[in-house]
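A quick write-up on the structure given underneath.
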Amino acid sequence: MELIYSAQKSDFDPQKRYRNPEHFDRPEAGVTSVLVVGEWPNVVDAYENVGVEVAVKDVARVLFVGAGDNKAELEELIGKLRIESDMVRAVIDGLDAGEIEKPEAGELAIRLFQALDGIRLQMVDLAGRRDSEAERASTLQKQVDDLLAQAAQARLEMDETKEAKDIAELKAKLDAAGVAYRANASKESLEKLVADLPKA
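Take the sequence shown: its letters are residues 21 to 220, numbered as in our numbering.
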């Protein structure tokens with residue numbers, strides 16, 4: 021069994037077994053090889069003493085140029101970076117939850133919030149315009165439906181007026197010829213009676 025001793029917090033290979041060297045107290049049984057990431061001499065010595073093959077992988081170091089030996093400045097810088105990171109994460113977590121609040125500190129976090137809030141305001145504006153256009157379209161559709169209904173009614177009234185005029189003309193012809201007909205006779209029956217009149 022191979023073990024990897026590393027203080028990393030992410031990017032783990034699911035096919036491998038990891039241990040945190042900060043919590044190391046003694047070698048584990050059944051281990052055939054060990055990879056130690058970083059400087060952990062107590063882990064290396066302990067496994068080599070029990071005859072286990074040990075490989076060491078150096079970790080890239082960060083060099084603070086110009087900071088000198090001033091530990092307080094480095095701690096202050098690291099503290100600011102941690103606050104910045106925490107504030108950015110708070111904005112992202114708020115975004116995931118559906119509601120973000122302006123962070124109290126952190127230049128990047130505040131800029132991220134402002135950018136996201138600007139997008140949110142644009143979305144609200146677009147949604148308002150969409151709703152307004154939908155309402156306008158609904159109003160126009162109602163007006164079109166009303167105009168179509170009025171046109172259909174006007175056509176019906178014109179047809180009824182023409183029908184009444186045609187019936188009046190047919191009755192006048194039958195009256196002139198002295199032919200009797202029912203008062204409520206249909207246009208078709210009146211047309212038949214007129215067609216049967218003797219030709220002059």
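For each residue, glycine too, the CB sits at the ideal point set by N, CA and C.
So the alpha helix (DSSP H) residue i belongs to, where does it begin and stop?
| i | result |
| --- | --- |
| residue 37 | Unbroken run through residue 37 is the beta strand (DSSP E), 37 to 39; no alpha helix (DSSP H). |
| residue 112 | 91 to 117 |
| residue 144 | 127 to 197 |
| residue 67 | 61 to 69 |
| residue 215 | 207 to 215 |
Here's the rule: buried if 16 or more other CB atoms are within 10 angstroms of the residue's CB, otherwise exposed. What is residue i?
| i | result |
| --- | --- |
| residue 209 | exposed |
| residue 32 | exposed |
| residue 200 | exposed |
| residue 190 | buried |
| residue 26 | buried |
| residue 143 | exposed |
| residue 119 | exposed |
| residue 63 | buried |
| residue 202 | exposed |
| residue 288 | Lying before the first or after the last residue shown, residue 288 is absent from the chain, which here runs from 21 to 220. |
Using a Cβ-Cβ cut-off of 8 Å (strictly less than) and excluding sequence neighbours within five positions of residue i, which residues of its own chain qualify?
| i | result |
| --- | --- |
| residue 127 | 104 |
| residue 156 | none |
| residue 163 | none |
In its own chain, which residues sit with a C-beta less than 6 Å from the C-beta of residue i, not counting the 5 before and 5 after it?
| i | result |
| --- | --- |
| residue 23 | 37, 39, 51, 54 |
| residue 101 | none |
| residue 214 | 190, 193 |
| residue 183 | none |
Could you name the residues that DSSP lists as bridge partners for residue i?
| i | result |
| --- | --- |
| residue 25 | 39, 56 |
| residue 75 | 55 |
Tell me which same chain residues have a C-beta within less than 7 Å of the C-beta of residue i, skipping the five on either side of it?
| i | result |
| --- | --- |
| residue 187 | 207, 210 |
| residue 42 | 27 |
| residue 66 | 46, 47 |
| residue 197 | 217 |
I believe residue i touches residue j by the beta-carbon criterion, under 8 Å. Please report the beta-carbon distance rounded to the nearest angstrom.
| i | j | result |
| --- | --- | --- |
| residue 112 | residue 123 | Actually they do not touch by this definition, with Cβ atoms about 11 Å apart. |
| residue 115 | residue 146 | Contact flag wrong, Cβ pair sits at about 18 Å. |
| residue 56 | residue 79 | Their Cβ separation, rounded to whole angstroms, is 10 Å, which puts residue 56 and residue 79 out of contact at 8 Å. |
| residue 76 | residue 47 | Going by Cβ atoms, the distance from residue 76 to residue 47 rounds to 16 Å, so no, they are not a contact pair. |
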